[in-house]
Amino acid sequence: MAIDEGVVKHVAHLARIELQPGELEKLSRQLQSIVDFIDKLKKLNIEGVEPTSHILPISNVLRPDETRESLSTDMALMNAPCRKGNFFSVPKAIE
Amino acid sequence: MEYEPVIGLEVHVQLKTKSKAFCGCSTEFGKEPNSQVCPVCLGFPGSLPVLNRVFLDYAIKVALALNCTVQEKHKFDRKNYFYPDLPKNYQISQYDLPLSKKGYLDIVVGDKTKRVGINRVHMEEDAGKLIHEEDTSLVDFNRTGIPLLEIVSEPDMNSPEEAYEYLTFLKSVLGYLDVSDCDMEKGSLRCDVNVSLRPKGVLALGVKAELKNMNSFKGTKDALVFEIRRQEEILREGGKVIQETRLWDAKLSETFSMRVKEEAKDYRYFPEPDLAPFIISAQKLEEIKKNIPELPRQKLERFVKDFCLSEGSAKILVGIKKDADYAQSCIESWEGKDKKPVVNWLIGPLLFEANKRKCGISDLNIPGGNIELINLIKSAEEAKISNLAAKGVLSESLDTAKLAREIILEKNLYQVSDTESLDKIAEEIIKGNPKSVMDYKQGKANAIMFLVGQMMKKSNGKANPIVARDILKKMLTDGG
Chain A
1 MAIDEGVVKH VAHLARIELQ PGELEKLSRQ LQSIVDFIDK LKKLNIEGVE
51 PTSHILPISN VLRPDETRES LSTDMALMNA PCRKGNFFSV PKAIE
Chain B
1001 MEYEPVIGLE VHVQLKTKSK AFCGCSTEFG KEPNSQVCPV CLGFPGSLPV
1051 LNRVFLDYAI KVALALNCTV QEKHKFDRKN YFYPDLPKNY QISQYDLPLS
1101 KKGYLDIVVG DKTKRVGINR VHMEEDAGKL IHEEDTSLVD FNRTGIPLLE
1151 IVSEPDMNSP EEAYEYLTFL KSVLGYLDVS DCDMEKGSLR CDVNVSLRPK
1201 GVLALGVKAE LKNMNSFKGT KDALVFEIRR QEEILREGGK VIQETRLWDA
1251 KLSETFSMRV KEEAKDYRYF PEPDLAPFII SAQKLEEIKK NIPELPRQKL
1301 ERFVKDFCLS EGSAKILVGI KKDADYAQSC IESWEGKDKK PVVNWLIGPL
1351 LFEANKRKCG ISDLNIPGGN IELINLIKSA EEAKISNLAA KGVLSESLDT
1401 AKLAREIILE KNLYQVSDTE SLDKIAEEII KGNPKSVMDY KQGKANAIMF
1451 LVGQMMKKSN GKANPIVARD ILKKMLTDGG
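Protein chains in written order, with the numbering used here: chain A, 1 to 95; chain B, 1001 to 1480.
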């Protein structure tokens, strides 16, 4: 897959990353080499190999349905950039 | 040209676990904002989610009840997007290996059964709640991380009524399984609708609109009626429907465009590294299957078969489990082979009283229980008291906690059927209404009903109308 600057711009926008001048070219190059590396997998015969979704050979990690103490509201809101009453306050999200 | 609507529903339902999906915070509704939050559901760095065992069990239960194939192995994925109600900037959801796929739900529309396909049932977590003010939005994360099931139907529905019945039957199944409150007003059941139109007979789908913001089943139906009409007008004028999300405004009874620039959805799903996959053994499935009660569809079929009900009547009775169980016990207490009298009472006066009291028929607590109810129905059936009087007795019995038979005696409601006393009344009525008598004799058969009515009035509603009619007929024909 070819990574052009358009792809990098799109991904940066999706991740809400503001690119500095010069970064676009540099990141395109770096991302291309990562993708090229991964493309090597395409050359391998992976028939019968199950896709990896988790790196550890474990499954079914569960907890009982029991409640535990939550944070206090003040603690939860302590680092909020803006607080209103017991809410987090953010710029209006709809028009 | 005739158009056919194609409708698919995506239902999100909160499961009523005590704690959240991946942390120990309480799921209780209506608490102080941000009082049920912790590092896990707030997405603090270094915190780790662990799946709630009951969430998984409930999810499997629902998947099986909707006839889905539960996959042997499933996993969670991160769905990435930015929105203030999503503290981690991703939602833990399921993408390519969901819990279950390919099921169906049978619904009854009118008196006909229709099978609606279920594409998938998967697990995910709820987002927080936003309250929009003048120029800020307030965020409450108590809802963040509450267990959600996403139930996606196939686009198998072709009318607002079918969508409505699908929701009703789905809620009924979830109620039987006792896994959710399914309260649309509280938001524990939410529904997004995809709807498009195509010329009848054409297979290819038209351009769809997605409808959101409905807060009741009726609202969903109304939104569909409006939207189908809107799209049809556009198509008839040769226009094109735009693919967009539209919000339902219940006050104005119309849908309107959200007017947001919709980029192609690009959620960049990838496996959730914090959660290991889940493997469901056949033994686990069997265990859960055993705990699934008789479901509304099976109950409906059994009622139709055992009690000779129409699907329409059976549908009314099976919706809520405890009411269905109650109805069954009443029907079984009725000795006659023909169960119609008791069924008509269940879906007639009893349902009426229950609706009036905003409860189910099993919550009515009829004084004296089943026996008293059955005797009351029998009295009406045998015309010992009039139907109208019997309905009044039921209502009064519920209001005053008096036994039905006490009320009947107290008010002296037993119908008079003995001919001697009715003869007397009939004579008086005939004397007092010469015009109607003349009408009848001149061939106006209806005139007799007026005279019967007069007899009823005279006897304070106690005359047995059938006997009264016969007596009048006889007197008038015998040349009286």
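Glycine included, each C-beta is placed from N, C-alpha and C at the ideal position.
Bear in mind the structure is a predicted one, so any value in this text is a computation, not a measurement.
Less than 8 Å separating the beta-carbons of residue i and residue j?
i	j	result
residue 1124 of chain B	residue 1146 of chain B	no
residue 1197 of chain B	residue 1005 of chain B	yes
residue 1116 of chain B	residue 1081 of chain B	no
residue 1234 of chain B	residue 1195 of chain B	no
residue 1033 of chain B	residue 1142 of chain B	yes
residue 73 of chain A	residue 1333 of chain B	no
residue 1163 of chain B	residue 1007 of chain B	yes
residue 1356 of chain B	residue 1179 of chain B	no
residue 1247 of chain B	residue 1215 of chain B	no
residue 1232 of chain B	residue 1003 of chain B	yes
residue 1278 of chain B	residue 1048 of chain B	no
residue 1428 of chain B	residue 1458 of chain B	yes
residue 53 of chain A	residue 1087 of chain B	no
By the three-class DSSP mapping on this structure, what secondary structure does residue i have?
i	result
residue 1265 of chain B	coil
residue 1288 of chain B	helix
residue 1062 of chain B	helix
residue 4 of chain A	coil
residue 1027 of chain B	coil
residue 1480 of chain B	Model confidence at residue 1480 of chain B stands at a pLDDT of 46, short of 50, so the residue's coordinates are unreliable and nothing is read from them.
residue 1460 of chain B	coil
residue 1248 of chain B	strand
residue 1088 of chain B	coil
residue 69 of chain A	coil
residue 1220 of chain B	helix
residue 1017 of chain B	coil
residue 1475 of chain B	helix
residue 1353 of chain B	helix
residue 1305 of chain B	helix
residue 1054 of chain B	helix
residue 13 of chain A	helix
residue 78 of chain A	coil
residue 1439 of chain B	helix
residue 1127 of chain B	coil
residue 1331 of chain B	helix
residue 1214 of chain B	coil
residue 1136 of chain B	strand
residue 1106 of chain B	strand
Along chain B, in chain order, which residues have C-beta atoms closer than 7 Å to that of residue i?
i	result
residue 25 of chain A	Chain B residues near residue 25 of chain A: none, gap ~23 Å exceeds 7 Å.
residue 71 of chain A	1037 and 1038
Spell out the partners DSSP gives residue i in its beta bridges.
i	result
residue 1191 of chain B	B:1011
residue 87 of chain A	A:84
residue 1003 of chain B	B:1199
residue 1367 of chain B	Partner(s): none; residue 1367 of chain B has no beta bridge.
residue 1101 of chain B	B:1069 and B:1120
residue 1256 of chain B	B:1247
residue 1080 of chain B	B:1090
residue 1151 of chain B	B:1011 and B:1121
residue 1340 of chain B	Bridge partners of residue 1340 of chain B: none, in fact.
residue 63 of chain A	B:1052
Under 7 Å Cβ-Cβ, which residues of chain A neighbour residue i?
i	result
residue 1082 of chain B	16
residue 1320 of chain B	Correct list: empty, because the minimum Cβ distance to chain A is about 25 Å.
residue 1276 of chain B	54, 56, 58, 59 and 61
residue 1053 of chain B	62, 63, 64 and 65
Determine the chain A residues that contact residue i at a beta-carbon separation under 8 Å, and present them in chain order.
i	result
residue 1137 of chain B	89, 90, 91, 92, 93 and 94
residue 1143 of chain B	Correct list: empty, because the minimum Cβ distance to chain A is about 13 Å.
residue 1393 of chain B	Near residue 1393 of chain B there are no residues of chain A at all, since even the closest Cβ is about 47 Å away, more than 8 Å.
residue 1075 of chain B	53 and 54
residue 1056 of chain B	62
Could you work out which residues of chain A lie near residue i, taking near to mean beta carbons separated by less than 9 Å?
i	result
residue 1217 of chain B	Near residue 1217 of chain B there are no residues of chain A at all, since even the closest Cβ is about 25 Å away, more than 9 Å.
residue 1323 of chain B	Simply none; closest approach about 28 Å.
Which chain B residues are close to residue i, counting only those with a beta carbon under 9 Å from its beta carbon?
i	result
residue 84 of chain A	1133, 1136 and 1138
residue 77 of chain A	1034
Against residue i, what residues of chain B qualify as contacts under a CB-to-CB distance less than 8 Å, listed in chain order?
i	result
residue 19 of chain A	Near residue 19 of chain A there are no residues of chain B at all, since even the closest Cβ is about 17 Å away, more than 8 Å.
(request) With 7 Å as the limit, tell me which residues of the region 1241-1261 of chain B have their beta carbon closer than that to any beta carbon of chain A; keep them in chain order. (result) none
(request) Return the residues of the region 38-68 of chain A that lie within a Cβ-Cβ distance of less than 7 Å from chain B, sorted by chain order. (result) 53, 54, 56, 58, 59, 60, 61, 62, 63, 64, 65, 66, 67 and 68
(message) Tell me which residues of the region 1023-1044 of chain B have at least one Cβ-Cβ distance to chain A shorter than 7 Å, keeping chain order.
(response) 1024, 1025, 1026, 1032, 1033, 1034, 1035, 1036, 1037, 1038 and 1042
(request) Identify each residue in the region 1147-1160 of chain B for which the Cβ-Cβ distance to at least one residue of chain A is less than 9 Å, and report them in chain order. (result) none
(request) Output, in sequence order along the chain, the residues in the region 1279-1292 of chain B whose CB is closer than 9 Å to any CB in chain A. (result) 1279 and 1280
(message) Please list, in chain order, the residues of the region 1001-1018 of chain B that have any C-beta partner in chain A closer than 9 Å.
(response) 1017 and 1018
(message) At a CB distance below 8 Å, what residues from the region 1091-1106 of chain B approach chain A? Give them in sequence order.
(response) 1097
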